[in-house]
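Respectively, the protein sequence lines represent chains V and U. Just so it is clear: in the first sequence, position 203 is 203 by full-length UniProt numbering, and no numbers are missing. Just so it is clear: in the second sequence, position 239 is 239 by full-length UniProt numbering, and no numbers are missing. From the three backbone atoms N, C-alpha and C, an ideal C-beta is built for every residue, glycine too. Notes for the one structure printed next.
Protein chains: 2
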Amino acid sequence: MKTMIPIDPASTQAVTSLGREQPRDELSLHGETLARLRDYIVEGNIPDGGRIPERQLCEMFGISRTPLREALKVLASEGLVDLLPNRGARVRQLSEQDLRELFDVMGGLEALAGRLACENITDHEIADIERLHYEMYGYYLHRDMPGYFRVNQLIHQKIVEASRNATLLATYGSFAGRIRRIRYSANFARKRERWGEAMREHETILDALRRRAGDELSDILFRHLRQKRAAAVEHLSEGAAATGAPTSTSSTP
Amino acid sequence: MKTMIPIDPASTQAVTSLGREQPRDELSLHGETLARLRDYIVEGNIPDGGRIPERQLCEMFGISRTPLREALKVLASEGLVDLLPNRGARVRQLSEQDLRELFDVMGGLEALAGRLACENITDHEIADIERLHYEMYGYYLHRDMPGYFRVNQLIHQKIVEASRNATLLATYGSFAGRIRRIRYSANFARKRERWGEAMREHETILDALRRRAGDELSDILFRHLRQKRAAAVEHLSEGAAATGAPTSTSSTP
DNA sequence: ACCATCAATATTGCATTCAATTTTTGATTC
DNA sequence: GAATCAAAAATTGAATGCAATATTGATGGT
Numbered sequence: 001m002k003t004m005i006p007i008d009p010a011s012t013q014a015v016t017s018l019g020r021e022q023p024r025d026e027l028s029l030h031g032e033t034l035a036r037l038r039d040y041i042v043e044g045n046i047p048d049g050g051r052i053p054e055r056q057l058c059e060m061f062g063i064s065r066t067p068l069r070e071a072l073k074v075l076a077s078e079g080l081v082d083l084l085p086n087r088g089a090r091v092r093q094l095s096e097q098d099l100r101e102l103f104d105v106m107g108g109l110e111a112l113a114g115r116l117a118c119e120n121i122t123d124h125e126i127a128d129i130e131r132l133h134y135e136m137y138g139y140y141l142h143r144d145m146p147g148y149f150r151v152n153q154l155i156h157q158k159i160v161e162a163s164r165n166a167t168l169l170a171t172y173g174s175f176a177g178r179i180r181r182i183r184y185s186a187n188f189a190r191k192r193e194r195w196g197e198a199m200r201e202h203e204t205i206l207d208a209l210r211r212r213a214g215d216e217l218s219d220i221l222f223r224h225l226r227q228k229r230a231a232a233v234e235h236l237s238e239g240a241a242a243t244g245a246p247t248s249t250s251s252t253p
Numbered sequence: 001m002k003t004m005i006p007i008d009p010a011s012t013q014a015v016t017s018l019g020r021e022q023p024r025d026e027l028s029l030h031g032e033t034l035a036r037l038r039d040y041i042v043e044g045n046i047p048d049g050g051r052i053p054e055r056q057l058c059e060m061f062g063i064s065r066t067p068l069r070e071a072l073k074v075l076a077s078e079g080l081v082d083l084l085p086n087r088g089a090r091v092r093q094l095s096e097q098d099l100r101e102l103f104d105v106m107g108g109l110e111a112l113a114g115r116l117a118c119e120n121i122t123d124h125e126i127a128d129i130e131r132l133h134y135e136m137y138g139y140y141l142h143r144d145m146p147g148y149f150r151v152n153q154l155i156h157q158k159i160v161e162a163s164r165n166a167t168l169l170a171t172y173g174s175f176a177g178r179i180r181r182i183r184y185s186a187n188f189a190r191k192r193e194r195w196g197e198a199m200r201e202h203e204t205i206l207d208a209l210r211r212r213a214g215d216e217l218s219d220i221l222f223r224h225l226r227q228k229r230a231a232a233v234e235h236l237s238e239g240a241a242a243t244g245a246p247t248s249t250s251s252t253p
C-alpha cells in the first residue's frame, strides 16, 4: 500500500504544473481537468464504450478524484460519456440513430448560422470565405482529401462565427466535439462519387451567402449536412461490420 | 453544530419527478441533486446574479457538499450559473444580448424541429396539435393569457417531439430551461397588439404542418420565434428599468 | 470439463477534512 | 466621522477517508 504523506505546497505546485506547457490563467483544477479529459476522450485515447479508469487518470493528471469526477459529470451532461450507477463511466458509444440525430442537429445549427450570417456578415468576411472556398477547390482538383477536409471545416466554422451568436458558436462546438470522435476513430472519408456533389453544394452555399439569401442558405446548409450524415452513417456501419462491434445503444445484458 | 435533515425516499422521488430531461429512476445523489437544484434555480428561488449558498443548500437537501458541487459544475456548463474562481457560484444574469442569442438558437432548434416533424409526423399527431390549436384559439377569444400561454408551449413541445430526434428534444429542453427563468421572474406577457399577430402565425404553422411543407414551416417557426424574441427583450429592458437592475453582463466592480 | 457459489479485492459514491482564499469585523488613525 | 488595515471568521477548492457496491478469482458440485 501507498503511504500517503501530507503534501507541502511546493510539491503540490510541482505536480500541478506537470504536462502543462501554457501557464494560462486557468485557476481551477476543475476547468483544467475538464478540458484535458475532454480532449483525451475526443482524440480517441479510450475506445468506444471503453471504461474510463478514474484512478489511472488521476495519476496521469496528478490530481485527486474529486476534480476528475466533477469533470466526468460535465462530460456526461455533454453526452460524451455515460455514467452507470456504481459501475463507473464509459465513453459513449454512438449508435447509427445517435449519429443521424447528431448530424441533423448540426444541420439545424448550421442552417441557423447561415441565416444569421446573412444578416450580419461583412463583405470582408465573405471575401475570406471565398478565398477559403477556392483554396478548397484547389485541394479538390489535386484530390488532396485531408487538405480539402481541413479547409471545409474551416469554412463551416467561419459561417457559424459570422452569425455573431456566441451561444450558437458554443453549442455548435459542443456537438462538433461529439461527432469528432468518429473521425479520429477511423479514416472517415467521404465517398469519391459524393465529393464532386459536395463541391457543387459549396458553390451554391457561397452564392447564397454573397446574395445574403438567408432562407435559401438555411435550406442549402441543412441539405448539405444531410449528405454528410449519409456518409457518416455509412462509414459507421462499415466500420462496425469490419470489427463486429455493435452499432446500437440497446445494451441488453 | 450541524443539523443534517435526512430526507425520506418518498419526498426526494416526488421532487425528482418535476425534472424533464432524466425521467429515469435516479439512484445517485448527484442526479437527484442536479435535477432539484436546476428546478430550484429555474423557478426563480434565487434572484438574478444572486449568490448560491452552498452550505445552506446542502442542509436544505440533506447532503454533503460533494454532490452539490458536482451539480453546480454541470449547471455552469448548461449556462444556468456562473462559477467565479474562489468566489462561489452565482445565478447567471442574462443580458439583452444573451436573451437575443438564446431566442435565436431556440428559433433555429424549432425551425429544425418543424422541418423534421414534416418528415416524420403522423396524421394522429397532427390531429392532436390541431385540437390544441383550437383550444388555444378559445383561450385567445376569452383573453385568457395564462391558458393561451400554457397550450402555446404545449404545441411547440409537440412539434419538437414529432421530430423524432431525442438529441434535439434534450437540447431544446435545456435551452427552454435557461429562458424559463425570465418567465418566472416577472409577469412575462406578450403585448396585446402582438397577440393577434401571434395567433395568425400559428394558423400558418398549422397549415404548413398539414401540408408537411418542411422548408416553409422551418422559416415560419424561425420568424415566429423572432417575434417572441422581440417581446422578451422588450420585457427584460422594461423590468430592468423598473427595478434599476443592470441588463448587461459587463460587471465592472 | 462446465457452471454455480462465495470470499477476496477493487471501485464507486459520498462525507469529511484541510489548506488557501475571500469576506467580515473591529480597532486605530487622520 | 470616514478611511485604513490587520486579525478573525466564513467560504471555497481539492484531498482523503469510509461504507456500500461491483468485480474477480478460487472452490466445489455436477
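Does residue i pass the burial test, meaning 16 or more other C-beta atoms within 10 Å, or should it be called exposed?
{"i": "Leu141/V", "result": "exposed"}
{"i": "His133/V", "result": "buried"}
{"i": "Ala127/U", "result": "exposed"}
{"i": "Ser163/U", "result": "buried"}
{"i": "Glu110/U", "result": "buried"}
{"i": "residue 259/U", "result": "One cannot answer for residue 259/U here, as it falls past the ends of chain U, which runs 1 to 253."}
{"i": "Gly114/V", "result": "buried"}
{"i": "residue 262/U", "result": "Past the boundaries of the shown model lies residue 262/U; chain U is included only from 1 to 253, so the question cannot be answered."}
{"i": "Ala10/U", "result": "Its pLDDT being 33, under 50, Ala10/U is placed unreliably in this model, and the value from its coordinates should be taken loosely. It is exposed - the Cβ of Ala10/U has fewer than 16 other Cβ atoms within 10 Å."}
{"i": "Glu216/V", "result": "buried"}
{"i": "Arg38/U", "result": "buried"}
{"i": "Ala170/V", "result": "exposed"}
{"i": "Gly87/V", "result": "The sequence given here places Arg at residue 87/V; Gly does not occur at that position. Exposed, by the Cβ-count rule."}
{"i": "Leu27/U", "result": "exposed"}
{"i": "Glu70/U", "result": "buried"}
{"i": "Ser64/U", "result": "exposed"}
What would DSSP say about residue i, mapped onto helix, strand or coil?
{"i": "Cys89/V", "result": "The sequence shown places Ala at residue 89/V, not Cys. It is a strand residue."}
{"i": "Asp82/V", "result": "strand"}
{"i": "Arg131/U", "result": "helix"}
{"i": "Arg211/V", "result": "coil"}
{"i": "Arg164/U", "result": "coil"}
{"i": "Arg51/V", "result": "strand"}
{"i": "Asn152/U", "result": "helix"}
{"i": "Leu29/U", "result": "helix"}
{"i": "Ile63/V", "result": "coil"}
{"i": "residue 254/V", "result": "Beyond the ends of chain V as shown, which are 1 and 253, falls residue 254/V; an answer cannot be given."}
{"i": "Ser95/U", "result": "coil"}
{"i": "Gln22/U", "result": "Any reading at Gln22/U is ruled out, since the residue's pLDDT is 36, under 50, leaving its predicted position unreliable."}
Measuring only the C-alpha atoms, how far is residue i from residue j?
{"i": "Leu68/U", "j": "Ala232/U", "result": "31 Å"}
{"i": "Met145/V", "j": "Met136/V", "result": "10 Å"}
{"i": "Thr167/V", "j": "Arg100/U", "result": "10 Å"}
{"i": "Ser237/V", "j": "Leu206/U", "result": "37 Å"}
{"i": "Glu234/V", "j": "Ile179/V", "result": "14 Å"}
{"i": "His124/U", "j": "Arg229/V", "result": "29 Å"}
{"i": "Gly147/U", "j": "Ser77/U", "result": "33 Å"}
{"i": "Ser174/V", "j": "Asp48/V", "result": "18 Å"}
{"i": "Phe61/V", "j": "Thr33/V", "result": "8 Å"}
{"i": "Arg36/V", "j": "Arg150/U", "result": "43 Å"}
{"i": "Arg211/V", "j": "Leu116/U", "result": "27 Å"}
{"i": "Arg192/U", "j": "Tyr139/U", "result": "14 Å"}
{"i": "Phe103/V", "j": "Leu225/V", "result": "7 Å"}
{"i": "Gly220/V", "j": "Leu80/V", "result": "It is Ile, not Gly, that sits at residue 220/V in the sequence shown. Cα-Cα distance, rounded: 29 Å."}
{"i": "Leu154/V", "j": "Ile182/V", "result": "18 Å"}
{"i": "Ala176/U", "j": "Asn152/V", "result": "32 Å"}
{"i": "Leu72/U", "j": "Leu112/U", "result": "30 Å"}
{"i": "Ala213/V", "j": "Asn120/V", "result": "12 Å"}
Inset, instruction - Pick out the complete alpha helix (DSSP H) segments inside the stretch 102 to 146 of chain U, 4 residues or longer, and give them in chain order. - result: Complete alpha helix (DSSP H) runs here, min 4: 123 to 141.
Inset, instruction - Could you list the residues in the stretch 153 to 168 of chain V with a C-beta less than 7 Å from some C-beta on chain U, going in chain order? - result: Correct list: Asn165, Ala166, Thr167 and Leu168.
Inset, instruction - Mind checking the stretch 217 to 233 of chain U against chain V and listing, in chain order, the residues whose C-beta falls within less than 9 Å of any C-beta there? - result: Sequence-ordered contacts of the stretch 217 to 233 of chain U with chain V read Ser218, Asp219 and Phe222 [C-beta pairs closer than 9 Å].
Inset, instruction - For the stretch 95 to 108 of chain V, enumerate the residues whose C-beta is nearer than 9 Å to any C-beta of chain U, in chain order. - result: Those would be Gln97, Asp98, Arg100, Glu101, Leu102, Asp104, Val105, Gly107 and Gly108, in chain order.
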